[in-house]
Amino acid sequence: MASRIAVVSAAALSLAAVATSASAEETRVRARYDLTLAGFNIGAASMQAGVDGKAYDMNVSVRLTGLARFLTGGRGAATSRGVLEPARPSPSAYAINTKSGDKGQIIRFALASDAVSQLSVEPPSKTNGVVPVTEADKKGVVDPVSALMMPAPAGADPLTPAACDRVLPVFDGRQRFDVTLRYDRTEDVKSSKSGAGQYSGKAIVCRASYKAIAGHRPGRKQVTFLENNKDMEVWLAPVAGTRALLPWKIAVRTEVGLAVIQASSFVVGAPADKTARGSNL
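Residues -24 to -1, 1 to 257, numbered by mature numbering (1 follows the signal peptide of the UniProt record, and there is no 0), are exactly what the sequence shown covers, in order.
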């Protein structure tokens, strides 16, 4: 059970960062998410993101609670920044620091000319039986945090179905994989929290699929399960004044039930709360 919850927490921790000071032209988003597994609350996450022209930064922190925290000690934070290109984010730097039980990891990498230029992984990745990650695998990629920000096509309504239809080439420092998104439907959403700036409106729902490329062990049960998983969704809400959409909800079927990360608060354009920066859970 502990190992299964750790898998879910690792997926949640892929949501994570440090924030930069907001400029007058910057649009900021502050969101809080509830994490559930098979209907049971297992933790919470927070996200801060800013879009200033084409530049973006993202900050996410995650902490498991209750029995899940007792079994795994799962918590973490990650950061990413870069430029929002027409088709996808182009990150320049990414870092993640996670803790699960008595184990932890710190991954940092920088990107230049659309490729990973520097990489630090602690502890080092195990290579026995693993598909090697080549230099080619580290080109034209997005980190797991930047992958959460989706740009709508230029000149289009941010809620156009075309904003869903894309392939995300993700590199997390250890593994390279593709996440393919396809438009499924549009839903009405509303924050459970009240207050100024809380989002209420439409969200587009994308079906998701996973394909391992490198850094994984072929035939491993978890990899096979993910590649065959037909029950994965990402709900995207628009960030007013920008072309960006950010997750409202992520749902992934696991071997022990449905894991859901869903916004309880989603504030767009409000002044940044400097006291809440960083890992604030």
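Glycine included, C-beta positions come from ideal geometry on N, C-alpha and C. Note that this is a predicted model, so its numbers are computed, not measured.
Looking only at its chain, what residues have a beta carbon closer than 8 Å to the beta carbon of G80, apart from the 5 residues adjacent to it on each side?
N73 and T74
When we look at the beta-carbon of G29 and count the other beta-carbons within 10 Å, is it buried (16 or more) or exposed?
exposed
On the DSSP bridge assignment, give the partners of T41 in chain order.
Answer is none; T41 lacks a bridge partner.
Excluding the 5 residues flanking I180 on each side, which residues of the same chain have their C-beta closer than 7 Å to its C-beta?
L135, P137, A139, C140, Y159, T162 and L212
Do the CB positions of V210 and P223 come within less than 8 Å of each other?
yes
Quick check: the region 148 to 158 against the region 226 to 246, are there 3 or more CB pairs under 8 Å?
no
C-beta contact flag for L234 and A227 at 8 Å
yes
S148 to K178 span [Cα, whole Å]
One detail in the question is off: residue 148 reads as Asp in this sequence, not Ser. Going by the C-alpha atoms only, they are around 30 Å apart.
Beta carbon of A190 nearer than 8 Å to that of V59
no
Cutoff 6 Å; reference V117; Cβ partners in own chain excluding five residues on either side:
P145 and F147
Where S93 sits in the DSSP three-state scheme:
strand
Any idea what DSSP makes of V36, helix, strand or coil?
strand
Along the beta strand (DSSP E) that carries T156, what are the first and last residues, could you check?
R152 to K166
Is it right to say K187 is buried, meaning 16 or more other beta carbons lie within 10 angstroms of its own, or is it exposed?
exposed
Would you say V36 and A20 are within 8 Å of each other, going by their C-beta atoms?
no
Can you pull the DSSP bridge partners for N73?
A53 and I82
Based on the DSSP output, what are the partners of Q174 in its beta bridges?
V243
Pull up the distance between the alpha-carbon of Q24 and that of A128, whole angstroms please.
20 Å
For a test of the three-state rule: what should DSSP assign to P108, helix, strand or coil?
coil
May I have the straight-line CA-CA distance separating L124 from M34, to the nearest angstrom?
9 Å
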